[in-house]
Amino acid sequence: MKFVGLFWLLPAIVAAQSATTATLSPWQTGEVTPDGTCGGDTGFVCSPVWGACCSKDGVCGRSSKFCGDGCQNKAGNCNAAAPAPEAPPGPGSVSPDGSCGGTNKFVCGGSTFGDCCSTQGWCGKTPAHCGNLCDPAFGTCGPPSNVTVDGQCGPTNGKICLDSGFGNCCSVGGWCGSDAHCGAGCQKGFGNCTLTDAGDVSTDGFCGKNGKTCKGSTFGDCCSAEGYCGKDDGHCDAGCQSKFGSCNAETNISTDGFCGKNGKTCKGSTYGDCCSAQGYCGKDAHCDAGCQTAFGTCKADSDKVSTDGRCGAFNGKTCKGSTFGECCSTGDWCGSKAEHCDAGCKSAFGTCNGAASTISTDGFCGKNGKTCKGSTFGDCCSAQGYYCCSQHGYCGKGDDFCRTGCQLAFGLCTGISADSECGSRNGKTCAGSGLGNCCSSNGFCGSTASHCGQGCQKGASSACLTKDIPSLDSTCGSKVGLTCAGGPFNGQCCGSTGFCGSTGTHCGSGW
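In mature numbering (1 follows the signal peptide of the UniProt record, and there is no 0), the protein residues as written are -16 to -1, 1 to 495.
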């Protein structure tokens, strides 16, 4: 937004540069590289974007490799200070190798290994890293898990064997395992069992948390999400706990507090009915922005709040209630600064300041002083005939509105260059861009002979020269329609062979 807004200063800047060219270094006045190449035959100079130094190999950069021996001082600033060396990882640094805590005190948040740090000192994202053995001092931890970490299970410690690594069956003695652990006396409420022991059957209608099953009880074979035995749909359908009885359909309720990516739902879990954007079951904040409706209950419109800072036409999300700011900018980013909340702010996708009152609310634009930026009709103004938007301005989307005749002053125009690139580079035109109405052979907008002369792309320009076109490659004469005057060969003569030069052969008698 700010960059585009300064295009009107370009003529003044160009004039100022012309007056001071004699006192500036060549690398301060040359054509800035568009691709990081410099010097030599390219004629390009380096910029801070690529690095200020032009190496002997013709590549822009910042280190001594670029600024040292062979640095081309006409194409870059060979005296540019080298960047400070990157500090080695230390306590508090994001883990570079998957280790965390311990003596190095690396943290897992933002690492490629996972955000959770286990008490064994390794980053990861499994229940073993994010559950009971997670170290919150060096990473993100999930809700407490009821999966055993030492192989003991049952009512004494309330731990279950499923996914523990010791075996999925809880024996009568309170130990996880398989085979003999799964037979007589196996505690079904704390793992899988091959047999059902009569002592596990509910005698009071309660099930689930107390380790009792409804299978074979006098109350019904289904254990509801709330922990009651029964046989109607309220007990046997959604939320039914299949580990503690029969269910009409297979249930997929989270037993460890994790949800979403693992396919588990929070509805009916003991951690809360909402599945957060990070994949944890809970309530309150878990039910707001980013809540995953496919894996639990969410507050109304929670799925419409932006969770990544993007908004508006980009993804249909609103900034209202997001952590990035409540204003949706014309570029579809959430924020709270003037560029988000003032001109161009999209009121349909968040809060806007008073300046947003210029946004069209009825689809009309241009003549009435209203802009389409941020409107619900589209970001471009249409044109009728040759009147553009002067008499009949309508807001809309698509090529009919955003390209030919589009009014850049009252909205975005997808067909007009906003970053100086044009023609063969991106299919956009320079006409009406404010950057110059000519698209050069290299695909950049401007108004110099290099842009409007030889190689000017007519389909992306409105001011290509049609006569007295300065030569850019030294060819000249009536056959090619080019002259030596006005360009890089200004003052030279066009020889009989059709090339510019200043020798007697070019400028001698008869030429």
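Just so it is clear, CB atoms sit at the ideal spot from N, CA and C, and this is done for glycine as well.
Task: Cβ contact (3+ pairs, closer than 8 Å) linking the stretch 213 to 224 and the stretch 238 to 246 - done: Taking a contact to require three or more Cβ pairs closer than 8 Å, the stretch 213 to 224 and the stretch 238 to 246 do not qualify as touching.
TODO: With a 10 Å radius around its C-beta and 16 neighbouring C-beta atoms as the bar for buried, classify Asp292 as buried or exposed.
DONE: The residue you call residue 292 lines up with position 308 of the sequence shown. Its Cβ having fewer than 16 others within 10 Å, Asp292 is exposed.
Task: Sequence-distant residues of its chain with Cβ nearer than 8 Å to residue 496 (five each side left out) - done: Because the chain is modelled from -16 through 495, residue 496 falls outside the range shown and cannot be assessed.
- [ ] Indicate the three-state DSSP secondary structure (helix, strand or coil) for Ser480 in the structure shown.
- [x] The count along the sequence shown starts at 1 and reaches residue 480 at position 496. Note: Ser480 maps to coil in three-state DSSP.
- [ ] For the alpha helix (DSSP H) containing Gln12, list its first residue and its last residue.
- [x] Residue numbering aside, residue 12 sits at position 28 when the sequence shown is read from its first letter. The continuous alpha helix (DSSP H) containing Gln12 extends over residues 10 to 13.
Task: Extent of the continuous alpha helix (DSSP H) run through His165 - done: The residue given as residue 165 occupies position 181 in the sequence shown. No alpha helix (DSSP H) holds His165; DSSP gives it neither H nor E.
TODO: Can you give me the Cβ contacts of Arg409 inside the same chain, cut-off strictly under 6 Å, excluding the 5 residues immediately before and after it?
DONE: The sequence position of residue 409 within the sequence shown is 425, counting from 1. Same-chain partners within the cutoff: Gly427.
Open item on the list: Counting beta carbon pairs with one atom in the stretch 293 to 304 and one in the stretch 320 to 337, are three or more of them shorter than 8 Å?
Closed with: In short, these stretches touch, since the Cβ pair count reaches three.
Task: For Pro454 and Ala469, the rounded distance between their alpha carbons - done: Here residue 469 is taken as the residue at index 485 of the sequence shown, counted from 1. Here residue 454 is taken as the residue at index 470 of the sequence shown, counted from 1. So the two alpha carbons sit approximately 6 Å from each other.
Task: Run of the alpha helix (DSSP H) containing His219, from where it starts to where it stops - done: Mapped onto the sequence shown, residue 219 falls at position 235. Where His219 is concerned, the enclosing alpha helix (DSSP H) stretches over 217 to 220.
- [ ] Return the CA-CA distance between Lys143 and Cys265, expressed in angstroms with no decimal places.
- [x] For the purposes of this step, residue 143 is identified with residue 159 of the sequence shown, where counting begins at 1. For the purposes of this step, residue 265 is identified with residue 281 of the sequence shown, where counting begins at 1. In a straight line, the C-alpha of Lys143 is about 18 Å away from that of Cys265.
Task: Same chain, Cβ closer than 7 Å to Cys491, neighbours up to 5 away in sequence not counted - done: Here residue 491 corresponds to residue number 507 of the sequence shown, with the count starting at 1. Once the five neighbours on either side are set aside, the close Cβ partners of Cys491 are Cys477.
TODO: Flag this pair as yes or no: are the beta carbons of Gly20 and Ala59 separated by less than 8 Å?
DONE: Residue 20 sits at position 36 when you count from the first residue of the sequence shown. Residue 59 sits at position 75 when you count from the first residue of the sequence shown. Going by C-beta atoms, Gly20 is not nearer than 8 Å to Ala59.
TODO: Could you please give the first and the last residue of the uninterrupted alpha helix (DSSP H) stretch that includes Thr49?
DONE: One-based indexing of the sequence shown puts residue 49 at position 65. The residue asked about is misnamed: residue 49 is Lys in this sequence, not Thr. It spans 48 to 51 - the alpha helix (DSSP H) in which Lys49 sits, taken as one unbroken run.
TODO: Quick one: grab the DSSP three-state call for Ser434.
DONE: For the purposes of this step, residue 434 is taken as the residue at position 450 of the sequence shown. Residue state, collapsed to three classes: helix.
TODO: Could you tell me the boundaries of the alpha helix (DSSP H) in which Pro18 lies?
DONE: Within the sequence shown, residue 18 is the residue found at index 34, counting from 1. From DSSP, Pro18 is part of no alpha helix (DSSP H); its letter is neither H nor E.
Task: Sub-8 Å separation of Ser95 and Cys107 beta-carbons - done: Taking the first residue of the sequence shown as 1, we reach residue 95 at position 111. Taking the first residue of the sequence shown as 1, we reach residue 107 at position 123. With contacts defined as CB atoms closer than 8 Å, Ser95 and Cys107 qualify as a contacting pair.
- [ ] Assuming Ser458 and Gly439 form a contact by the criterion Cβ under 8 Å, report the distance between their Cβ atoms to the nearest whole angstrom.
- [x] Taking the first residue of the sequence shown as 1, we reach residue 458 at position 474. Taking the first residue of the sequence shown as 1, we reach residue 439 at position 455. Actually they are not in contact, since the Cβ atoms of Ser458 and Gly439 sit about 14 Å apart, beyond 8 Å.
Task: Thr249 to Pro127 span [Cα, whole Å] - done: Counted from its first residue, the sequence shown places residue 249 at position 265. Counted from its first residue, the sequence shown places residue 127 at position 143. Using only the alpha carbons, I get a separation of about 15 Å.
- [ ] Work out the CA separation of Asp99 and Phe90 for me, nearest whole Å.
- [x] Within the sequence shown, residue 90 is the residue found at index 106, counting from 1. Within the sequence shown, residue 99 is the residue found at index 115, counting from 1. Cα to Cα, Phe90 sits roughly 11 Å from Asp99.
Open item on the list: Taking DSSP's pairing of strands, which residues face Gln136 in a bridge?
Closed with: The residue labelled residue 136 in the question sits at position 152 within the sequence shown. In the DSSP output, where bridge partners are listed per residue, Gln136 has Trp159.
TODO: Would you kindly work out how many angstroms separate the C-alpha atoms of Phe228 and Gly200, rounded to a whole number?
DONE: Position 244 of the sequence shown, counted from the first residue, corresponds to residue 228. Position 216 of the sequence shown, counted from the first residue, corresponds to residue 200. Near 11 Å, if we compare the C-alpha coordinates of Gly200 and Phe228.
- [ ] Return the chain-ordered list of same chain residues with a C-beta closer than 6 Å to the C-beta of Cys325, the five sequence neighbours on each side being excluded.
- [x] Taking the first residue of the sequence shown as position 1, residue 325 is located at position 341. Cβ within range, chain order: Cys311, Cys336, Asn337.
TODO: Locate the alpha helix (DSSP H) running through Ala322, then write down its first and last residues.
DONE: What you label residue 322 is simply residue 338 of the sequence shown in a count that begins at 1. Looking at the DSSP string, the run of the alpha helix (DSSP H) that includes Ala322 is 322 to 325.
TODO: Could you name the residues of the same chain whose beta carbon sits closer than 7 Å to that of Gly214, not counting the 5 residues immediately before and after it, in chain order?
DONE: Residue numbering aside, residue 214 sits at position 230 when the sequence shown is read from its first letter. Cβ neighbours of Gly214 beyond the five flanking positions: Phe203, Gly204, Cys206, Ser208.
TODO: Could you say which of Gly86, Thr187, Gly411, Ser434 lies nearest to Pro120 if we only look at CA atoms?
DONE: As a working mapping, residue 120 is identified with position 136 in the sequence shown. That would be Gly86, whose Cα lies nearest to the Cα of Pro120.
- [ ] Would you identify the three-state DSSP class for Phe333, choosing helix, strand or coil?
- [x] Against the sequence shown, residue 333 aligns to sequence position 349. Residue state, collapsed to three classes: helix.
Task: Three-state class that DSSP yields for Cys62 in the structure shown - done: Within the sequence shown, numbered from 1, the residue matching residue 62 stands at position 78. Coil at Cys62, not helix or strand.
TODO: Select from Phe50, Trp159, Ser446 the residue whose C-alpha is nearest the C-alpha of Thr140.
DONE: Numbered from its first residue, the sequence shown carries residue 140 at position 156. Scanning Phe50, Trp159, Ser446 for the CA closest to the CA of Thr140 turns up Trp159.
Open item on the list: Please classify Gln12 as buried or exposed, where buried requires at least 16 other C-beta atoms within 10 Å of its C-beta.
Closed with: For the purposes of this step, residue 12 is identified with residue 28 of the sequence shown, where counting begins at 1. Counting the other Cβ atoms within 10 Å of the Cβ of Gln12 gives fewer than 16, which makes it exposed.
Open item on the list: Please report the distance separating the alpha-carbon of Ser486 from that of Ser404.
Closed with: The residue labelled residue 486 in the question sits at position 502 within the sequence shown. The residue labelled residue 404 in the question sits at position 420 within the sequence shown. Distance between the alpha carbons of Ser486 and Ser404 is about 35 Å.
Open item on the list: Going by DSSP, what residue range makes up the alpha helix (DSSP H) through His113?
Closed with: Here residue 113 refers to the residue found at position 129 of the sequence shown. From DSSP, the alpha helix (DSSP H) with His113 extends over 111 to 114.
Open item on the list: Out of Phe348, Val29, Gly54, Ser31, which one is the CA nearest neighbour of Ser39?
Closed with: Along the sequence shown, one-based indexing puts residue 39 at 55. Ranked by how close their Cα comes to the Cα of Ser39, the residues Phe348, Val29, Gly54, Ser31 have Gly54 in first place.
Task: Under 8 Å between C-beta atoms of Gly218 and Lys245 - done: Translated into the one-based positions of the sequence shown, residue 218 becomes position 234. Translated into the one-based positions of the sequence shown, residue 245 becomes position 261. No; because the gap between Cβ atoms is not below 8 Å, this pair is not in contact.
Task: Enclosing alpha helix (DSSP H) for Thr459 [first to last residue] - done: Taking the sequence shown and counting its residues from 1, one reaches residue 459 at position 475. Segment: none, Thr459 is in no alpha helix (DSSP H) and carries neither H nor E.
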